[in-house]
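Residue numbers (the numbering used here): 1327 to 1500.
Have a look at this one:
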């Protein structure tokens, strides 16, 4: 949203300048804006006075809004090659055996990388599993514990879904 507003703000002065040059609008004494479709002196085609070609006006508007477009016009092949090069440069490295256990450390970003590592460890419950692995857990107990954890996770997600449904109904006024 903000970028489209910035684009409009940058494009507005050239458009207004163009419209002034083409004498497409004028302000009346009452403060209103009247549009006069007078022919542009730049066009080479003959036109009836008082009538302007919609194509010529739109072309002029596009040129005014994007002054750099005509200077750097690229062929579709050039644009394709440029986009392909960008995609290759921005593509992530293929995963290795250590990808899931590694965190990228940027220069000067050790604290952020360490926080990312800690959050990954917390999400994967590594410390919890290490504590359980300190002592042997029999097969039956482990199976029962994992089934219980799985059931709790499924139950919690179902409760969350039902609460969302109830909130949606209440928002609608039901």
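Built from N, CA and C at the ideal position, the CB exists for glycine as well. Computed from a predicted model, the values in this text were never measured in an experiment.
Check                                                                                                                            : Outcome
Distance, residue 1413 Cα to residue 1433 Cα                                                                                     : 24 angstroms
Contact belief for residue 1439 with residue 1429 at Cβ below 8 angstroms, rounded distance in angstroms                         : 5 angstroms
Unbroken alpha helix (DSSP H) run spanning residue 1455, endpoints                                                               : 1452-1459
Separation of residue 1473 from residue 1487, as counted between CA atoms                                                        : 21 angstroms
Run of the alpha helix (DSSP H) containing residue 1400, from where it starts to where it stops                                  : Run containing residue 1400: none; DSSP gives neither H nor E here.
Between the CA atoms of residue 1405 and residue 1399 - distance to the nearest angstrom                                         : 10 angstroms
Close beta carbons around residue 1403, own chain, < 8 angstroms, minus the five adjacent residues each side                     : none
Helix, strand or coil at residue 1498 [DSSP, three-state]                                                                        : helix
Per-residue DSSP class, three states only, for residue 1430                                                                      : coil
Alpha carbon of residue 1492 to alpha carbon of residue 1482, nearest angstrom                                                   : 15 angstroms
Close-in-space but distant-in-sequence residues of the same chain around residue 1408 (CB under 8 angstroms, 5 per side omitted) : 1400
DSSP state of residue 1435 mapped onto helix, strand, coil                                                                       : coil
Per-residue DSSP class, three states only, for residue 1440                                                                      : helix
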